[in-house]
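First up is the structure itself, then whatever we jot down about it.
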Amino acid sequence: MIEALRDIGYSLEAAVADIIDNSLTARAKTVHIRFGWHREQPWIALIDDGHGMTEKELVEAMRPGSRNPREQRSRDDLGRFGLGLKTASFSQCRCLTVVSRKAGATSARRWDLEEVNRSNDWILLTVSDRDLNALPAFNELPETGTYVLWQQLDRLDIGSYGDRAHTILNDRVQSIRNHVSLVFHRFMSPEPGSQRVKILINNNELEPFEPFNARNPATAHLPEERVRLENEEVLIQAYVLPHHTKVSPDEYEKYAGEDGYLRSQGFYVYRNRRLIRHGTWFRLCRQEELTKLARVRIVISNSLDHLWTIDVRKSRASPPEAVRNRMRQVVEQIRGSAKRPYTHRGKAIQMRNTNPVWLRQSFNDRISYEINKEHPLIEDLRADLDEDTRRRFDAVLRMIGSAFPVPLMFTDMAAYPRKVEQALPDVELLADLARMMLNANPGADKAELKSLLLGIEPFASWPHVLESIVNEVSRDK
Numbered sequence: 010m011i012e013a014l015r016d017i018g019y020s021l022e023a024a025v026a027d028i029i030d031n032s033l034t035a036r037a038k039t040v041h042i043r044f045g046w047h048r049e050q051p052w053i054a055l056i057d058d059g060h061g062m063t064e065k066e067l068v069e070a071m072r073p074g075s076r077n078p079r080e081q082r083s084r085d086d087l088g089r090f091g092l093g094l095k096t097a098s099f100s101q102c103r104c105l106t107v108v109s110r111k112a113g114a115t116s117a118r119r120w121d122l123e124e125v126n127r128s129n130d131w132i133l134l135t136v137s138d139r140d141l142n143a144l145p146a147f148n149e150l151p152e153t154g155t156y157v158l159w160q161q162l163d164r165l166d167i168g169s170y171g172d173r174a175h176t177i178l179n180d181r182v183q184s185i186r187n188h189v190s191l192v193f194h195r196f197m198s199p200e201p202g203s204q205r206v207k208i209l210i211n212n213n214e215l216e217p218f219e220p221f222n223a224r225n226p227a228t229a230h231l232p233e234e235r236v237r238l239e240n241e242e243v244l245i246q247a248y249v250l251p252h253h254t255k256v257s258p259d260e261y262e263k264y265a266g267e268d269g270y271l272r273s274q275g276f277y278v279y280r281n282r283r284l285i286r287h288g289t290w291f292r293l294c295r296q297e298e299l300t301k302l303a304r305v306r307i308v309i310s311n312s313l314d315h316l317w318t319i320d321v322r323k324s325r326a327s328p329p330e331a332v333r334n335r336m337r338q339v340v341e342q343i344r345g346s347a348k349r350p351y352t353h354r355g356k357a358i359q360m361r362n363t364n365p366v367w368l369r370q371s372f373n374d375r376i377s378y379e380i381n382k383e384h385p386l387i388e389d390l391r392a393d394l395d396e397d398t399r400r401r402f403d404a405v406l407r408m409i410g411s412a413f414p415v416p417l418m419f420t421d422m423a424a425y426p427r428k429v430e431q432a433l434p435d436v437e438l439l440a441d442l443a444r445m446m447l448n449a450n451p452g453a454d455k456a457e458l459k460s461l462l463l464g465i466e467p468f469a470s471w472p473h474v475l476e477s478i479v480n481e482v483s484r485d486k
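Each residue of the sequence shown is one higher than the last, beginning at 10 in this note's numbering.
Right under this line is the structure:
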């Protein structure tokens, strides 16, 4: 049973979040997450100033499966099965110590899995006052509150890294920082009327990460939806984050989050104010490049846990069919809005009567790009070639078109959207191309030449340099 409890599937980040849930349910205003080393072994402690527990309450809380998931709970209760404290802790450590203070009394209990294995019995240990005072960061426990200590962190698996162990633990701490800042951002930066909670890691207060960039005027807000489900309301609010051209590079990078825009699109499901699942469309559509700016907030109450099949880790949820139908409609609506920042510029170019260098071809549901052999500059050059040279020239054009680096461009657009930009052609090159067009149209005056060049690429994309080029070419005429 012990190893079964340890293998439910918690990540370190999810396990820490589960302990914080208990602190928030206990109405804590401040939660400290402490990391450190003792005799070259890492430890993690979580300390809060919540209402604490009596000895009887602590013993009950330490008992596995201490609550029925269907029992009536406070709307602010973030628990589920009464397993979180134990399963989250055992998933990471072999020694769990909990100390709680309430009404002037201090109570302490410990689960040591080595002792459980040795005795083949679930023996809940009492911790002496002498041992208490030796616990790391124990002196930070306030007069009312709870202290949770993880020792023998065998699941961290950093002991084999030697001198790099401290660096690896620091990297894990950074992942916890990012995870907690997202999962509990609505507690750290609450709506009016809700209690603000401070969460600190080694005395450094975390900044909440609100994933919707809702305060930016460039963020699109779709109308809020409300779905009734068993006398409760499910709130659905869709957002389309700003295109990278609408915000600073730092702001765009910030809201990409730890996973990037592509993997962060989709629904963000909040159970009360706590984020339990994000970055998924629940198989209603695929995560695509053109919808990577779309994020949808869904808020449910804990009384609907059974309908959403919330698991013990509070990291999995599946919407019931009544809500899924409405979500499907929201997805269709938001997909159009999310694609607009990317397709708008393309549509604007297509509206102009320009002769492009590249043609987009669609055949049998496949899209490809090829060089436009009817481009005036290419046609003029082909006309001067003999038949054999023209044939070889066309073969080279086809080779260039077939070698268009679609995968590389797609990767760069996804990873570095601000850096992918067609460089301005050399002015001398543009002038040479303009002379070619003038030679092909010897009777054209300056105005006619300018109008002719504006209708073809690459000149159509660089109208601000066209005037000087036309003046230069016309003087040479």
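Glycine included, every Cβ here is placed at the ideal spot set by N, Cα and C.
Problem - Where T300 sits in the DSSP three-state scheme - result: Here residue 300 refers to the residue found at position 291 when the sequence shown is read from its first residue. If DSSP states are grouped into helix, strand and coil, T300 belongs with the helices.
Handout entry: Whole-angstrom C-beta distance between I376 and G410, which should lie under 8 Å
Key = Working through the sequence shown from its first residue, we reach residue 410 at position 401. Working through the sequence shown from its first residue, we reach residue 376 at position 367. 13 Å between Cβ atoms; not a contact.
Exercise for the section: Mind checking which residues open and close the beta strand (DSSP E) that includes I185? Expected result: The residue you call residue 185 lines up with position 176 of the sequence shown. That residue, I185, is in no beta strand (DSSP E); its alpha helix (DSSP H) goes A174 to V192.
Practice task
Hey, could you find the ends of the beta strand (DSSP E) F276 is sitting in?
Solution key: Position 267 of the sequence shown, counting from 1, holds the residue named residue 276. Per DSSP, F276 belongs to the beta strand (DSSP E) from G275 to R280.
Handout entry: First through last residue of the alpha helix (DSSP H) which encompasses K95
Key = The sequence position of residue 95 within the sequence shown is 86, counting from 1. Note, K95: alpha helix (DSSP H), G93 to F99.
Exercise for the section: Give every residue of the same chain whose Cβ lies closer than 6 Å to the Cβ of G275, excluding the five residues on either side of it in the sequence, and list them in chain order. Expected result: Residue mapping note: residue 275 aligns to position 266 of the sequence shown, counting from 1. Apart from the 5 residues on each side of it in sequence, G275 sits with its Cβ closer than 6 Å to the Cβ of G288, T289 and W290 in its chain, given in chain order.
Exercise for the section: Compare the beta carbon distance of V479 and L458 with 8 Å and say whether it is the shorter of the two. Expected result: By one-based count along the sequence shown, residue 479 stands at place 470. By one-based count along the sequence shown, residue 458 stands at place 449. L458 is positioned such that its CB atom lies closer than 8 Å to that of V479.
Problem - Per-residue DSSP class, three states only, for G288 - result: Against the sequence shown, residue 288 aligns to sequence position 279. Strand at G288.
Exercise for the section: Take the Cβ of T106 as the centre, count every other Cβ of all protein chains shown within 10 Å, and call the residue buried at 16 or more, exposed below. Expected result: For the purposes of this step, residue 106 is identified with residue 97 of the sequence shown, where counting begins at 1. T106 is buried by the Cβ-count criterion.
Practice task
Buried or exposed for P328, please, with buried defined as at least 16 other CB atoms from any protein chain shown within 10 angstroms of its CB.
Solution key: Working through the sequence shown from its first residue, we reach residue 328 at position 319. Its Cβ being crowded by 16 or more others within 10 Å, P328 is buried.
Problem - Simplified DSSP assignment, three categories, for I319 - result: Stepping through the sequence shown from its first residue, residue 319 is reached at position 310. Three-state result, I319: coil.
Exercise for the section: Indicate whether V68 and R118 have their beta-carbon atoms separated by less than 8 Å. Expected result: Your numbering for residue 68 matches position 59 in the sequence shown. Your numbering for residue 118 matches position 109 in the sequence shown. Against a cut-off of 8 Å, the Cβ pair of R118 and V68 comes out as a contact.
Practice task
May I ask you to report which of helix, strand or coil DSSP gives R89?
Solution key: Mapped onto the sequence shown, residue 89 falls at position 80. Any reading at R89 must be qualified, since the residue scores a pLDDT of 40, below 50, and its modelled position is unreliable; no value is offered.
Practice task
State yes or no: is the C-beta of K301 nearer than 7 Å to some heavy atom of the ligand ATP?
Solution key: Ligands displayed in this structure: none; no statement on the ligand ATP is therefore possible.
Problem - DSSP state of Q204 mapped onto helix, strand, coil - result: Position 195 of the sequence shown, counting from 1, holds the residue named residue 204. Of the three classes helix, strand and coil, the one that applies to Q204 here is coil, per DSSP.
Practice task
Classify P329 as helix, strand or coil using the three-state DSSP reduction.
Solution key: As a position in the sequence shown, residue 329 is number 320, starting the count at 1. P329 falls in the coil class under three-state DSSP.
Practice task
For G18, collect the residues of the same chain with a Cβ closer than 6 Å to its Cβ; drop the 5 residues on either side in sequence, then sort them by chain order.
Solution key: Working through the sequence shown from its first residue, we reach residue 18 at position 9. When the five nearest sequence neighbours on each side are left out, no beta carbon in the same chain lies closer than 6 Å to the beta carbon of G18.
Problem - Run of the beta strand (DSSP E) containing F44, from where it starts to where it stops - result: Taking the sequence shown and counting its residues from 1, one reaches residue 44 at position 35. Residues T39 to H47.
Handout entry: Three-state class that DSSP yields for Q160 in the structure shown
Key = Reading the sequence shown from its first residue, position 151 is the one you call residue 160. Q160: strand per DSSP, three-state reduction.
Handout entry: Beta-carbon contacts of N126 that lie in its chain and below 6 Å, excluding the five residues immediately before and after
Key = On the sequence shown, position 117 is the one that residue 126 refers to. Contacts found: none.
Problem - Own chain residues within Cβ distance below 6 Å of F419, not counting five before or after - result: As a first step, residue 419 must be located in the sequence shown, where it is residue number 410. Answer for F419: no residue qualifies.
Handout entry: Rounded C-alpha distance that separates D27 from S371
Key = Taking the first residue of the sequence shown as 1, we reach residue 27 at position 18. Taking the first residue of the sequence shown as 1, we reach residue 371 at position 362. D27 and S371: Cα-Cα distance of roughly 50 Å.
Handout entry: Neighbour-count burial assignment, L268, 16 or more Cβ in a 10 Å radius
Key = The sequence position of residue 268 within the sequence shown is 259, counting from 1. Reading off the sequence, residue 268 comes out as Asp, not Leu. That one is exposed.
Practice task
Tell me, to the nearest whole angstrom, how far the beta carbon of L293 is from that of V340; I am working on the premise that it is less than 8 Å.
Solution key: On the sequence shown, position 284 is the one that residue 293 refers to. On the sequence shown, position 331 is the one that residue 340 refers to. About 5 Å separates the two Cβ atoms, so the contact holds.
Problem - Own chain residues within Cβ distance below 6 Å of R344, not counting five before or after - result: Your numbering for residue 344 matches position 335 in the sequence shown. The residues are T300.
Problem - Span of the beta strand (DSSP E) around I245 - result: If you number the sequence shown from 1, residue 245 lands on position 236. Here the beta strand (DSSP E) through I245 covers E241 to V249.
Practice task
Pull up the distance between the alpha-carbon of R79 and that of L313, whole angstroms please.
Solution key: Start at 1 with the first residue of the sequence shown, and residue 79 comes out as number 70. Start at 1 with the first residue of the sequence shown, and residue 313 comes out as number 304. Interpretation of R79 is limited by its pLDDT of 49, a score under 50 that renders its predicted location unreliable; the figure taken from the coordinates is listed afterwards. Spanning the two alpha carbons is a distance of roughly 10 Å.
Practice task
Note down the Cα distance separating A174 from L438, rounded to an integer number of angstroms.
Solution key: The residue given as residue 174 occupies position 165 in the sequence shown. The residue given as residue 438 occupies position 429 in the sequence shown. Spanning the two alpha carbons is a distance of roughly 57 Å.
Handout entry: Inter-residue spacing [alpha-carbon to alpha-carbon] between R337 and H194
Key = One-based indexing of the sequence shown puts residue 337 at position 328. One-based indexing of the sequence shown puts residue 194 at position 185. Near 27 Å, if we compare the C-alpha coordinates of H194 and R337.
Practice task
Could you tell me which residues DSSP puts in a beta bridge with L238?
Solution key: Working through the sequence shown from its first residue, we reach residue 238 at position 229. In the DSSP output, where bridge partners are listed per residue, L238 has E241.
Practice task
Output yes or no for whether 8 Å exceeds the beta carbon distance between P217 and S184.
Solution key: For this step, residue 217 is matched to residue 208 along the sequence shown. For this step, residue 184 is matched to residue 175 along the sequence shown. Cβ atoms of P217 and S184: not closer than 8 Å.
Exercise for the section: For the alpha helix (DSSP H) containing T34, list its first residue and its last residue. Expected result: Walking along the sequence shown from the start, residue 34 turns up at place 25. Counting along the chain, the alpha helix (DSSP H) containing T34 begins and ends at L21 to T34.
Exercise for the section: Return helix, strand or coil for A412, following the three-state DSSP convention. Expected result: Taking the sequence shown and counting its residues from 1, the one referred to as residue 412 is at position 403. Note: A412 maps to coil in three-state DSSP.
Practice task
Have a look at L231, E260 and G154 and flag the residue whose alpha-carbon is nearest the alpha-carbon of Y248.
Solution key: Translated into positions along the sequence shown, residue 248 becomes position 239. Between Y248 and the set L231, E260 and G154, the nearest pair of CA atoms involves L231.
Exercise for the section: Reducing DSSP to helix, strand and coil, say where H252 ends up. Expected result: For the purposes of this step, residue 252 is identified with residue 243 of the sequence shown, where counting begins at 1. Residue state, collapsed to three classes: coil.
Problem - Cross-strand partners of H230 (DSSP beta bridge) - result: Working through the sequence shown from its first residue, we reach residue 230 at position 221. BP columns for H230 point to Y248.
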